[in-house]
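Worksheet for the structure shown next.
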Amino acid sequence: MLKRLLSYFFPIKIHSQTSAVSKSLEITWANGNLVMDSLNTNYSYGSLQRILKLGLKNIGFAKIKKMDHILILGVAGGSVIKTLVNDIPFKGKITGVEIDSEIIKMANQYFKLNEIPQLQIIIDDAFEFVLKTTKKYDLIVVDIFQDTKMPNFLFESFFIDRICFLLNSKGFILFNTMLLDKSENLRNKKLINEFKKENFTIKSIPRVENHNELIVIEKLV
Numbered sequence: 028m029l030k031r032l033l034s035y036f037f038p039i040k041i042h043s044q045t046s047a048v049s050k051s052l053e054i055t056w057a058n059g060n061l062v063m064d065s066l067n068t069n070y071s072y073g074s075l076q077r078i079l080k081l082g083l084k085n086i087g088f089a090k091i092k093k094m095d096h097i098l099i100l101g102v103a104g105g106s107v108i109k110t111l112v113n114d115i116p117f118k119g120k121i122t123g124v125e126i127d128s129e130i131i132k133m134a135n136q137y138f139k140l141n142e143i144p145q146l147q148i149i150i151d152d153a154f155e156f157v158l159k160t161t162k163k164y165d166l167i168v169v170d171i172f173q174d175t176k177m178p179n180f181l182f183e184s185f186f187i188d189r190i191c192f193l194l195n196s197k198g199f200i201l202f203n204t205m206l207l208d209k210s211e212n213l214r215n216k217k218l219i220n221e222f223k224k225e226n227f228t229i230k231s232i233p234r235v236e237n238h239n240e241l242i243v244i245e246k247l248v
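Here it is in structure tokens:
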């Protein structure tokens, strides 16, 4: 409790380790809450939880509550899962795909993800998973980072087409992106401007927490 109280005055790191996939990972008490960080950015809880919660609110908590199956691509510490379960509260099935098994071990230890009964965690590459899965989802959350960088495949038309295909009727994609330079701004504009799919809409929620932009894709029928 002392560390938690002191964290309102300054962050207190309680665990750090390296991972072959994510490199540097830390668990820190900050403003009374445990957060997971990479070397240069927040990975779970903290600002990331606020960002994705805003996106979920934009879709509508009432809509999400009625959904049956949600797919999370990029779990990290699982803050968006905790928002779904605790704040909405979502009672359906959640499938989380995470490439880094070390992150999941930390998430289970510090954030108790393994105690969420409707959650299934799959250790896999997100691109490989979406190619293999035969299931359809009501909401797909894409939150994949390597520190502050996003893999290029996330913005390729094949990947976007595939996750759109995996949506049920009237489903949503919530895509969290980070914009740190001009090229990344242009990358997002290109994706939004070139997105032309019948029965789909796309919109952006710009400059969330300064450097993030949320992209929301909705399947209309």
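In terms of the working numbering, the sequence shown is residues 28 to 248. Note that beta-carbon positions come from the ideal geometry of N, C-alpha and C, so glycine has one too.
Residue j beta carbon less than 8 Å from that of residue i
i	j	result
Phe202	Ile242	yes
Ile97	Asp170	no
Thr204	Glu155	no
Ser106	Ser71	yes
Val12	Asp151	In the structure displayed, the chain extends from 28 to 248; residue 12 sits before or after that span and is not available.
Asn212	Leu218	no
Ile130	Val157	no
Lys17	Ile115	In this structure the chain extends from 28 to 248, so residue 17 is not present and cannot be described.
Val168	Ile99	yes
Ile108	Leu146	yes
Thr45	Gln76	no
Ala273	Gly87	For residue 273 there is no data in the structure shown, the boundaries of the chain being 28 and 248.
Straight-line gap, residue i to residue j (C-alpha atoms, nearest Å)
i	j	result
Gln136	Ile149	17 Å
Ser196	Lys120	17 Å
Leu193	Ile126	20 Å
Asp208	Leu181	17 Å
Asn141	Met28	23 Å
Met177	Glu183	12 Å
Ala153	Phe186	10 Å
Thr160	Lys246	19 Å
His238	Leu81	14 Å
Lys162	Glu221	27 Å
Phe172	Asn179	10 Å
Exposed unless 16 or more other CB atoms sit within 10 angstroms - verdict on residue i
i	result
Ile41	exposed
Thr175	exposed
Asn85	exposed
Asn67	exposed
Thr251	Only positions 28 to 248 of the chain appear in the structure, and residue 251 is not among them; the question remains open.
Gly101	buried
Ser210	exposed
Asn60	exposed
Phe37	exposed
Asn69	buried
Asp188	exposed
Asp64	buried
Cut-off 8 Å between Cβ atoms - residues of its own chain near residue i, not counting five sequence neighbours on either side
i	result
Asn58	Ser34, Tyr35
Val248	Ser196, Lys197, Asn226
Ser231	Asn215, Ile219, Glu240, Leu241, Ile242, Val243
Beta-carbon contacts of residue i that lie in its chain and below 6 Å, excluding the five residues immediately before and after
i	result
Glu236	Ser74, Ile78
Ser43	Glu53
Pro233	Glu240
Residue i: first and last residue of the uninterrupted alpha helix (DSSP H) it sits in
i	result
Tyr137	128-138
Leu29	29-33
Leu158	153-159
Ile86	73-86
Ile108	106-109
Limits of the beta strand (DSSP E) - the one that residue i falls within
i	result
Gly123	120-125
Lys40	39-46
Asp165	164-169
Ser196	194-205
Lys230	227-235
Any chain C beta carbon closer than 8 Å to residue i
i	result
Pro233	Considering every chain present, this structure includes no chain C. It has just one protein chain.
Contacts around residue i, its chain only, beta-carbon distance under 7 Å, and the 5 residues preceding and following it disregarded
i	result
Arg31	Trp56, Gly59
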